[in-house]
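From first to last, the protein sequence lines stand for chains A and B. Per the working numbering, the very first residue in the first sequence carries number 3; after that it's consecutive. Per the working numbering, the very first residue in the second sequence carries number 3; after that it's consecutive.
Number of protein chains: 2
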Amino acid sequence: MARPARFTADDILDGAARALLSIGPSLTIADIARAIEGPSGSIYHRFASREELLGRLWLRSIGRFHEDLLEAMALPDPWAAIAASARCVPDFCRRHPAQARSMLLFSRARLLEAGPASLREDARGVNDAIDEAQVDLAQRAYGAEADARLEVLSVAIRQSPYGITRPFIGREMPPWLDDAVVAASLAIARLEVRPD
Amino acid sequence: MARPARFTADDILDGAARALLSIGPSLTIADIARAIEGPSGSIYHRFASREELLGRLWLRSIGRFHEDLLEAMALPDPWAAIAASARCVPDFCRRHPAQARSMLLFSRARLLEAGPASLREDARGVNDAIDEAQVDLAQRAYGAEADARLEVLSVAIRQSPYGITRPFIGREMPPWLDDAVVAASLAIARLEVRPD
DNA sequence: GACTAAATAGAGACGCTGTTCCAGAACGCA
DNA sequence: TGCGTTCTGGAACAGCGTCTCTATTTAGTC
């Protein structure tokens, strides 16, 4: 029908992720073009702007990470699920360093309030599946107290593991990191909530 | 002798920190000039480049944070010291949001390898006092095993608290955050190290 | 009251980056 | 083989941000 594409959208996102690893978050379109060994024009053929490209990269990375996370959260025993969710983070970051780096680019909140309109909708729904699984997990772990502990659980299985792992992204991750992350998560998840 | 300075270096750093809070890490020289209500030329009279200015801001913030941290680490009981060190992080970030934000700007490693030469020396020594206190604390907490656990202790009292607190910088920090940070730190510090 | 040193003030040069533009290349199909 | 479609490729543009350069202000001193 027409000239075949030399670069798919995913090719470009892959290139951007690689450039991100070596250059950092201030990577330019020229850097991405270098990474895919192609011209900048081809990039704009797929993405409307730099902002949209990076947003899509973030969304893709988060989505892939969530696949792993959802599996861990679904383990029958709730405390095993919490531990597995935590371990999931350093594990994913070790296996996919470029995607790990991409996940640092944005946050859902930042994308919603300042990102390109074309990303808003996808950004809005990005956490839906996880949120649902989290409510379920809280129910199983805490029973009647589930509501009060939902926010703490979120820190336990996502923010804390990611925060601890984060400084190691781009460097070598020590083998004991996984145990540290799990220990921290369980400690937070077991925290008493005091009413005030 | 000569015309008195209208802006000290600290004035400019304060302005940069304020601009950083409202604008984010991509703040421009013009943003800083606006914050101090002065012209951009005066900024370059004190700092050789934007990079050096932001580097100095980072160094200053880290230094001030370390004052608090050193005090906590020096508590006589080692486990109380670990808990206090952890709690120190959300506490500092809550009291000094602008400085907390500044601490996100760089890392010692990044400054050492890519920062302006004029900052190298200061960046190199920025952790010295903490490192020393950490060796002492490890000794008190772990005795003979101190060496093997030094790295884990560093994660327990600094990286983990900061990683967990980090996503809340710029937002309101929930009151249970302090307890969560302490629980995570103690759990990591108590971790068994397995030889392998 | 001139002179000197130190600092301000701000306009503009310069480089870099995101983005656009369009001619041309590559393919399937008739 | 010619045609329409899709994508490439790279040069050019426009805007912005850093940094430089120089004139000017200010305060103390002889």
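Positions of the beta carbon are idealized from the N, C-alpha and C atoms, including for glycine. Since the model is a prediction, treat every value here as computed from it, not as a measurement.
9 Å Cβ cutoff, residue i in contact with chain A
{"i": "residue 48/B", "result": "no"}
{"i": "residue 187/B", "result": "yes"}
{"i": "residue 166/B", "result": "yes"}
{"i": "residue 109/B", "result": "yes"}
{"i": "residue 158/B", "result": "yes"}
{"i": "residue 265/B", "result": "Not covered by the structure: residue 265/B. The range shown for chain B is 3 to 198."}
{"i": "residue 56/B", "result": "no"}
{"i": "residue 140/B", "result": "no"}
{"i": "residue 77/B", "result": "no"}
{"i": "residue 162/B", "result": "yes"}
{"i": "residue 193/B", "result": "yes"}
Beta-carbon proximity of residue i to residue j, cut-off 9 Å
{"i": "residue 182/A", "j": "residue 190/B", "result": "yes"}
{"i": "residue 28/B", "j": "residue 34/B", "result": "no"}
{"i": "residue 95/A", "j": "residue 49/A", "result": "no"}
{"i": "residue 188/A", "j": "residue 107/A", "result": "no"}
{"i": "residue 9/B", "j": "residue 44/B", "result": "yes"}
{"i": "residue 93/B", "j": "residue 180/B", "result": "yes"}
{"i": "residue 83/B", "j": "residue 139/B", "result": "yes"}
{"i": "residue 56/B", "j": "residue 100/B", "result": "no"}
{"i": "residue 68/A", "j": "residue 131/A", "result": "yes"}
{"i": "residue 136/B", "j": "residue 159/B", "result": "yes"}
{"i": "residue 167/A", "j": "residue 165/B", "result": "yes"}
{"i": "residue 20/A", "j": "residue 37/A", "result": "yes"}
Any chain B beta carbon closer than 9 Å to residue i
{"i": "residue 190/A", "result": "yes"}
{"i": "residue 176/A", "result": "yes"}
{"i": "residue 153/A", "result": "yes"}
{"i": "residue 149/A", "result": "no"}
{"i": "residue 113/A", "result": "no"}
{"i": "residue 59/A", "result": "no"}
{"i": "residue 181/A", "result": "yes"}
{"i": "residue 128/A", "result": "no"}
{"i": "residue 201/A", "result": "This structure cannot settle anything about residue 201/A, because the visible part of chain A is limited to 3 through 198."}
Expected contact under 8 Å - CB spacing of residue i and residue j to nearest Å
{"i": "residue 72/B", "j": "residue 125/B", "result": "Going by Cβ atoms, the distance from residue 72/B to residue 125/B rounds to 18 Å, so no, they are not a contact pair."}
{"i": "residue 154/A", "j": "residue 195/A", "result": "7 Å"}
{"i": "residue 58/A", "j": "residue 15/A", "result": "6 Å"}
Item to check | Members of the segment 13 to 42 of chain B that neighbour chain A once the beta carbon cut-off is set at 7 Å | outcome: none
Checklist entry - Which residues, taken in chain order from the segment 88 to 106 of chain A, show a beta carbon closer than 8 Å to some beta carbon of chain B? => result none
Next on the checklist: Just to confirm the assignment: which complete alpha helix (DSSP H) runs, minimum length 4, are found wholly within the segment 40 to 75 of chain B?
Outcome noted: 42 to 48 and 52 to 75
Item to check | Ordered list of beta strand (DSSP E) runs contained in the segment 112 to 182 of chain B, each at least 3 residues | outcome: none
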